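Worksheet for the structure shown next.
There are 2 protein chains.
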Amino acid sequence: MVTKETVRDPADADVTRADSLAREIFAGVANKWTLLVINVLEQRTLRFTELRTEVDGISHKMLTQTLRHLERDGLVDRTVYAVVPPRVEYQLTEAGQALRSTVNRMCAWTRTYLDHIEAARLRFDSMS
Amino acid sequence: MVTKETVRDPADADVTRADSLAREIFAGVANKWTLLVINVLEQRTLRFTELRTEVDGISHKMLTQTLRHLERDGLVDRTVYAVVPPRVEYQLTEAGQALRSTVNRMCAWTRTYLDHIEAARLRFDSMS
DNA sequence: CTGCATCCCGCATGATACTG
DNA sequence: CAGTATCATGCGGGATGCAG
Numbered sequence: 001m002v003t004k005e006t007v008r009d010p011a012d013a014d015v016t017r018a019d020s021l022a023r024e025i026f027a028g029v030a031n032k033w034t035l036l037v038i039n040v041l042e043q044r045t046l047r048f049t050e051l052r053t054e055v056d057g058i059s060h061k062m063l064t065q066t067l068r069h070l071e072r073d074g075l076v077d078r079t080v081y082a083v084v085p086p087r088v089e090y091q092l093t094e095a096g097q098a099l100r101s102t103v104n105r106m107c108a109w110t111r112t113y114l115d116h117i118e119a120a121r122l123r124f125d126s127m128s
Numbered sequence: 001m002v003t004k005e006t007v008r009d010p011a012d013a014d015v016t017r018a019d020s021l022a023r024e025i026f027a028g029v030a031n032k033w034t035l036l037v038i039n040v041l042e043q044r045t046l047r048f049t050e051l052r053t054e055v056d057g058i059s060h061k062m063l064t065q066t067l068r069h070l071e072r073d074g075l076v077d078r079t080v081y082a083v084v085p086p087r088v089e090y091q092l093t094e095a096g097q098a099l100r101s102t103v104n105r106m107c108a109w110t111r112t113y114l115d116h117i118e119a120a121r122l123r124f125d126s127m128s
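As you go down the protein sequences, you meet chains A and B in turn.
Residues 1 to 128, numbered by full-length UniProt numbering, are exactly what the first sequence covers, in order.
Residues 1 to 128, numbered by full-length UniProt numbering, are exactly what the second sequence covers, in order.
The following block contains the structure:
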């Protein structure tokens, strides 16, 4: 009673929707600053300025932008204290922690293959 | 002669060098196209055009660029067959495979938290 | 301290065309 | 089919200033 010929499962629409959304999320998360911010925010709670100094080369603007993005996606919690001067703290949510664990593996990979990659580059560059 | 004064452990130089190199490699790899290419190149061997169609939105130029980068770092092997028309095949090296497994986890993460993130966005956007 | 808006530059990216 | 070169440009991202 279900199928007939080339009729497509109604769920197909959802599949493609989910796919494109997944791609979008993946692309949004797969960038230098986002991953670096997530990485320094391991189980700690940090303030804006602390993040600014820990993430190394990040600019004021990009940090704000990245944090807004992460907050919107529910990967970090933003806590504002009504004091003066303002105090705002950021910490990873459960989803953020989950992502961080994958980022950690990527960092580990980098460390593991450091020499390997360096050697490959020398080899490659010595050609031409 | 060698200067004294702020004498630092000789190993320190290597540590910071390795650190900056690691950051550079991480940053180089942490971008949309690179991760997507690595992802579609799971244990398969693909030709240029096949990659072009599978990676979805990637342009001819960016694919070439990304592949050269990956090849230089020793993450993909490039095999050229001296035939006409030319046939060039790409496949992940062991290092590439290792990286791919981390990318896979990231993809899995995306799928797992899809709904979570979508909901967070709706919540966030409904504010203002 | 944190956040937002504005201006501006340069690079990354895309489009196109040409070789082997 | 695969790769390179050239040109145009849009957007990322830095600097600065102002507000709360």
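Where a beta carbon is used, it is the ideal one built from N, C-alpha and C, also for glycine.
None of these values were measured; they are calculated from a predicted model.
Here ASP77(A) carries a strand assignment [DSSP, helix/strand/coil]. For GLU118(B), at least one C-beta of chain A is nearer than 8 Å to its own C-beta. Contact annotation: THR110(A) and ILE38(B) have beta-carbon atoms that are not nearer than 8 Å. ALA95, ALA98, LEU99, THR102: these are the residues of the stretch 91-102 of chain A whose beta carbon lies less than 7 Å from some beta carbon of chain B, given in chain order.
The way I'd put it, the stretch 32-50 of chain B does touch the stretch 85-98 of chain B; three or more beta-carbon pairs between them come closer than 8 Å. The CB of ARG105(B) comes closer than 7 Å to the CB of THR102, ARG105 in chain A, given here in chain order. Contact check between the stretch 17-36 of chain B and the stretch 26-35 of chain A: three or more CB pairs, one atom from each, fall below 8 Å, which counts as touching. Using a Cβ-Cβ distance cut-off of 8 Å, the stretch 107-124 of chain B and the stretch 68-77 of chain A are in contact, since at least three pairs of beta carbons, one from each stretch, lie closer than that value.
One alpha carbon belongs to ARG105(A), the other to THR102(B), and they sit about 6 Å apart.
In the assembly as shown, ALA95(A) is a buried residue. Its beta-carbon has 16 or more other beta-carbons within 10 Å. In terms of Cβ geometry, ARG121(B) and ARG87(B) do not form a close pair [threshold 8 Å].
Not a single CB atom of chain B sits nearer than 8 Å to the CB of LEU67(A). A direct Cα-Cα distance of roughly 17 Å separates LEU51(A) from ARG23(B). Residue contact check for GLU89(B) against chain A: no CB pair falls below 8 Å.
The C-beta separation of LEU67(A) from VAL55(A) comes to about 11 Å, leaving the pair out of contact by the 8 Å criterion. Between the alpha carbons of SER126(B) and HIS69(A) lies a gap of roughly 15 Å. According to the DSSP assignment, GLN65(B) belongs to the alpha helix (DSSP H) that extends over 60-72. A straight line joining the alpha-carbon of ILE58(B) with that of LEU21(A) spans about 17 Å. Close to ASP73(B), with beta-carbon spacing below 7 Å, are these residues of chain A in chain order: ILE117, ALA120, ARG121. Closest option to ARG100(B), judged by alpha-carbon separation, among PHE124(B), THR49(B), LEU36(B), VAL15(B): LEU36(B). Short of 6 Å from the beta carbon of ASP77(A), and not among the five residues preceding or following it, lie these beta carbons of its own chain, in chain order: GLN91, THR93. The beta carbon of TYR81(A) sits closer than 6 Å to the beta carbons of ARG87 from its chain, once the five residues preceding and following it are set aside; these are given in chain order.
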